[in-house]
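Asker:
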Amino acid sequence: MQFNGYAAHGPQETLSTHEYDDTLDDNDVAVQITHCGICHSDLHLIDGEMPMGDFPFIPGHEIVGTITSTGSHVTALNEGDRVGVGWQCNSCKECEWCLDGEQHNCPEQQATCVGRNGGYADGIIVDKDFAIPVPENVSSESAAPMMCGGITVYTPLSKYAEPGDNVAIVGLGGLGHFGVLFSDNMGCNTTVISTSPGKEQQAKELGANTFIEATQEQLSETKNEFDVIINTAPANLDWDAYLGALRPKGSFVQVGASPGSIDFEPFGLFPADKKIVGSHIGSPSRIQEMLNFAATNQIEAATQQYNLENVNQALDDVRNGEARFRAVLTP
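If you're matching positions, the sequence shown starts at 56 in this note's numbering and goes up one per residue.
1. Among residues of its own chain, excluding the 5 on either side of E268, which ones have a beta-carbon nearer than 6 Å to its beta-carbon?
2. For A274, which of T287, Q57, V235, A300 has the nearest alpha-carbon?
3. Let's test the definition: count the other Cβ atoms within 10 Å of the Cβ of E117 and tell me whether it reaches 16, buried, or not, exposed.
4. Quick check: does the Cβ of I122 come within less than 7 Å of any heavy atom belonging to the ligand NAP?
5. With burial defined as no fewer than 16 other Cβ atoms inside 10 Å of the residue's Cβ, what is the status of V332: buried or exposed?
6. Quick one: what's E355 bridged to in DSSP?
7. Express the C-alpha separation of T125 and L132 in angstroms, rounding to a whole number.
8. If you follow the beta strand (DSSP E) that R171 is in, where does it begin and where does it stop?
9. State yes or no: is the beta carbon of I93 nearer than 8 Å to at least one beta carbon in chain C?
10. Do T210 and S334 have their beta-carbon atoms positioned less than 8 Å apart in this structure?
11. When the distance is taken between beta carbons, is H90 closer than 8 Å to E196?
12. Specify, as a first and last residue, the run of the beta strand (DSSP E) that Q256 falls within.
13. Can you tell me whether Q67 is buried or exposed? The criterion is at least 16 other CB atoms within 10 Å of its CB, across all chains shown.
14. Give the DSSP-derived three-state secondary structure of P303 in the structure shown.
15. By a C-beta neighbour count over all protein chains shown, 10 Å radius and 16 as the cutoff for buried, is D184 buried or exposed?
16. Which same chain residues, not among the five before or five after L100, have their C-beta less than 8 Å away from its C-beta?
17. Helix, strand or coil: how does DSSP classify K330 here?
18. Quick one: Cα of V283 to Cα of L212, how far?
19. Can you give me the start and stop residues for the beta strand (DSSP E) that D182 sits inside?
20. Would you tell me roughly how many angstroms separate the C-alpha atoms of F237 and M105, rounded to the nearest one?
21. Ordered along the chain, which non-local residues of its own chain (more than five positions away) have a Cβ less than 6 Å from that of C243?
22. According to DSSP, is C144 part of a helix, a strand, or is it coil?
23. Compute the distance between the beta-carbons of G139 and G226, then report whether it is under 8 Å.
24. Ordered along the chain, which non-local residues of its own chain (more than five positions away) have a Cβ less than 6 Å from that of G65?
25. Output needed for A258: all residues of its chain with C-beta closer than 6 Å, excluding positions within five of it in sequence on either side, in chain order.
26. State the start and end residues of the unbroken beta strand (DSSP E) segment that holds R381.
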């Protein structure tokens, strides 16, 4: 099968048209792409900051489209089904993690646009287990960025937060806005912590109960306040202040690509059984759970659409923080 898209041909180069051939194996599905979100991970790959693959390659791993062909071993999916594909498109299916349904922790997992071509294109072939059915009442424009950005925050919220918990979302960008939407609809008391006071109205429109400007003075007033803190901000923080803001048995979850080191005072952990954890994407079953949750609660992402031929403008807008909150390409 032949596919056409926009590829990066070298670090920091402008994307240009690219075509390639791929083969449909027995366990694969071919997907005609209708929407593809732009994730900051795409920028890191395009700019050569994540040396995980070779050029040229077509970026994109927040994909929604329609199945056009299925391999001979595919029984649960059919031509015409609408599916989403995220960061991961295959796994070994034999290790302890795969057998436990945690394929996203498989040491041999295959990323959708690393070492292969991704979603800034008219189509893609992926393993059937990583093509997730999208519920009818979730729009494709909204589902696409959920396939990576959404699941990145949904997974830790579903693991560590309970209804009625005090949850803080640090940062109100693409990830942070999903954090607010999911936390609010899970019945949590949601606070946004941001360095941008001008985002308070946006935070509350998304469902936040409280907004805190991330100054030392404001943070000092949040001691022992939060059951869960999810850091989506790609920035260095006053780490000990955030640790102090956790309640006993609270969890600080790092999902943003913060520069440098995370530096906590160890004695801040001991007295109250606090946890510092990392989290990334989620298993296929967790992604399906998230999409069903979004359908049940009528959750829609805040997106800005671009035609695929305008991909370089879209990438520049994401780099410059001018796309609110998630940019989505439509071929």
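We treat Cβ as the ideally placed atom computed from N, Cα and C, and that holds for glycine.
Answerer: Quick look at the numbers:
1. P252
2. Inspection of the sequence shows that residue 274 is occupied by Leu rather than by Ala. That would be A300, whose Cα lies nearest to the Cα of L274.
3. buried
4. Of the ligands one can find in the structure shown there are none, so the ligand NAP has no counterpart to examine.
5. exposed
6. Paired residues: none, contrary to the question.
7. 8 Å
8. Counting along the chain, R171 falls outside any beta strand (DSSP E), and DSSP gives it neither H nor E.
9. The displayed structure is made up of one protein chain only, and chain C is not part of it.
10. yes
11. yes
12. Note, Q256: premise wrong, no beta strand (DSSP E); alpha helix (DSSP H) at 255-261.
13. exposed
14. strand
15. buried
16. A63, M107, G108, F112, P114, C168, V169
17. strand
18. 8 Å
19. 178-182
20. 29 Å
21. A216, D220, V222
22. strand
23. no
24. F110
25. L227, V247, F266
26. 381-385
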